[in-house]
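Everything below concerns the one structure shown next.
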Amino acid sequence: MKLNLRIPLLAALLGAAAYVGYKLAEDPGNQLWGRTVVAGPADQREVALTFDDGPNPPYTDSILDVLRDEHVRATFFVVGRAVAANPATVRRIVREGHALGNHTWDHPHMLVLSRAAMRVQLHRTDDAIFAAAGVRTKLMRPPFGARDFAVIDEAKAEGYQVVMWSVPLPKDWEMPGDATIASRVVDNVGDGSIIVLHDGNRGLHCGRPPLPAPHECDRSQDVAATRRIVETLRSRGFRFVTIPQLLADSARDAARHTVARSTR
Ligand SMILES: [Zn+2]
4 MKLNLRIPLL AALLGAAAYV GYKLAEDPGN QLWGRTVVAG PADQREVALT
54 FDDGPNPPYT DSILDVLRDE HVRATFFVVG RAVAANPATV RRIVREGHAL
104 GNHTWDHPHM LVLSRAAMRV QLHRTDDAIF AAAGVRTKLM RPPFGARDFA
154 VIDEAKAEGY QVVMWSVPLP KDWEMPGDAT IASRVVDNVG DGSIIVLHDG
204 NRGLHCGRPP LPAPHECDRS QDVAATRRIV ETLRSRGFRF VTIPQLLADS
254 ARDAARHTVA RSTR
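Counting in the numbering used here, the sequence shown tops out at residue 267, every number present.
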């Protein structure tokens with residue numbers, strides 16, 4: 004009897020260990036696997052809006068309309084296959100002053116990829132972005148936020164800065180309503196926060212047959228939530244920056260602190 008219990012107990016322990024490991028791989032803040040960008044300067048009233056998984060017309064365009072009306076610049080972590088399908092939207096993102104990030108070619112779980120396969124995911128997307136808009140980005144965000152030492156090391160070897168986030172994901176993909184999405188975000192924002200919303204769904208080709216279920220592509224709640232978030236945070240005195248601006252402000256901040264320390 005005792006012996007028979009050992010196996011399920013061992014299995015449960017292994018399962019628990021795997022679960023903890025997996026949670027750590029997706030936890031946006033942990034620096035266990037290598038340094039990532041999680042937030043900006045903690046003493047500046049600025050916040051970065053980021054949009055993942057597009058471009059996904061017409062929702063990406065609607066978000067761009069909101070951002071233009073509000074004079075806000077954001078960062079779009081685009082999926083390569085969606086870039087190739089919607090190059091005009093990528094050109095508009097760049098033309099209107101927003102930043103781009105690489106969110107891989109087809110949104111795989113990078114933990115299960117070989118180093119060579121990771122490289123292909125990054126290169127194909129980089130080429131698609133360049134073909135669409137004539138620019139390259141050195142920012143990347145792993146799909147699902149899932150990363151380990153190999154993912155971060157490979158991204159860095161390719162010259163990328165890995166960008167995570169600090170505001171817990173508002174689960175906008177569950178479509179809880181734009182007011183709920185917005186309150187989940189603004190209730191958790193502080194100085195230097197990085198926010199994640201979704202203008203697409205894993206880079207699915209939503210405009211082309213065979214069409215996936217409608218809700219899989221519908222990001223109208225993110226469009227409305229974006230307006231609410233911008234209005235609320237602006238009324239609280241926040242300024243909106245792209246990730247490159249946020250990084251520049253962080254670097255300036257660090258330099259200032261270093262100077263302050265060395266002249267003390
Ligand atoms: Zn994603």
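Think of the CB as a built atom: it goes at the ideal place given N, C-alpha and C, for glycine as much as any other residue.
Own chain residues within Cβ distance below 7 Å of residue i, not counting five before or after
{"i": "G148", "result": "E29, P31, M167"}
{"i": "R242", "result": "R48, E49"}
{"i": "D151", "result": "A28, W36, L114"}
{"i": "N89", "result": "P58, P60"}
{"i": "L172", "result": "V199"}
{"i": "R94", "result": "A135, A136"}
{"i": "E161", "result": "R122, L125"}
{"i": "V226", "result": "Y62, S65, I66, V69"}
{"i": "D289", "result": "Residue numbering for the chain in the displayed model covers 4 to 267; residue 289 lies beyond these limits and cannot be assessed."}
{"i": "A191", "result": "For the record, residue 191 in the displayed sequence is Asn; it is not Ala. Same-chain partners within the cutoff: V170, P171."}
Residues near residue i in its chain [Cβ-Cβ closer than 6 Å; skip 5 each side]
{"i": "Y163", "result": "K141, M143"}
{"i": "E73", "result": "V233"}
{"i": "T235", "result": "V189"}
{"i": "R205", "result": "D56, H110"}
{"i": "S169", "result": "V41, A42, S196, I197"}
{"i": "V69", "result": "T229, R230"}
{"i": "R127", "result": "G83, W108"}
{"i": "A185", "result": "A228, R231, I232"}
{"i": "T92", "result": "P58, P60, T63"}
{"i": "L249", "result": "G43, A51"}
Closer than 7 Å: residue i CB and nearest ligand 1 heavy atom
{"i": "R95", "result": "no"}
{"i": "D56", "result": "yes"}
{"i": "R222", "result": "no"}
{"i": "P173", "result": "no"}
{"i": "R205", "result": "yes"}
{"i": "H110", "result": "yes"}
{"i": "H106", "result": "yes"}
{"i": "P31", "result": "no"}
{"i": "P44", "result": "no"}
{"i": "P247", "result": "no"}
{"i": "P60", "result": "no"}
{"i": "P291", "result": "Here the chain comprises residues numbered 4 to 267, so residue 291 is not present and cannot be evaluated."}
Whole-angstrom C-beta distance between residue j and residue i, which should lie under 8 Å
{"i": "Q224", "j": "D156", "result": "With 8 Å as the limit, Q224 and D156 do not qualify as a contact, their Cβ atoms being about 36 Å apart."}
{"i": "D256", "j": "V244", "result": "That pair is no contact at about 13 Å."}
{"i": "V181", "j": "R231", "result": "Here residue 181 turns out to be Asp, not Val, going by the sequence shown. Indeed they touch by this definition, with Cβ atoms about 6 Å apart."}
{"i": "V154", "j": "P146", "result": "Wrong, their Cβ atoms sit about 10 Å apart, outside the cutoff."}
{"i": "H201", "j": "R222", "result": "6 Å"}
{"i": "F80", "j": "H112", "result": "That pair is no contact at about 16 Å."}
{"i": "V138", "j": "V97", "result": "6 Å"}
Same chain, Cβ closer than 8 Å to residue i, five either side skipped, listed in chain order
{"i": "K159", "result": "G37, V165"}
{"i": "I246", "result": "V40, A51, T53, T78, A102, G104, L142, V166, I197"}
{"i": "R71", "result": "E99"}
{"i": "H208", "result": "R84, A85, A88"}
{"i": "H218", "result": "M178"}
{"i": "N33", "result": "L27"}
{"i": "G240", "result": "R48"}
Evaluate contact between the region 12-27 and the region 118-134, counting only Cβ atoms and requiring at least three cross-stretch pairs below 8 Å.
no
If we count Cβ pairs, one from each stretch, closer than 8 Å, do we get three or more for the region 32-39 versus the region 52-66?
With a cut-off of 8 Å on Cβ pairs, the region 32-39 is not in contact with the region 52-66, counting fewer than three such pairs.
Give the list of continuous alpha helix (DSSP H) stretches no shorter than 4 residues that lie fully inside the region 117-198.
If you keep only unbroken alpha helix (DSSP H) runs of at least 4 residues inside the region 117-198, you get 118-136, 152-160, 181-189.
Unbroken stretches of the alpha helix (DSSP H), 4 residues or longer, contained in the region 14-74
Counting only runs of 4 or more, we get 62-73.
What beta strand (DSSP E) runs, 3 residues minimum, are completely inside the region 220-255?
Fully enclosed beta strand (DSSP E) runs of 3 or longer: 242-244.
Residue ranges of each alpha helix (DSSP H) run of no fewer than 4 residues wholly in the region 94-119, ordered along the chain?
none
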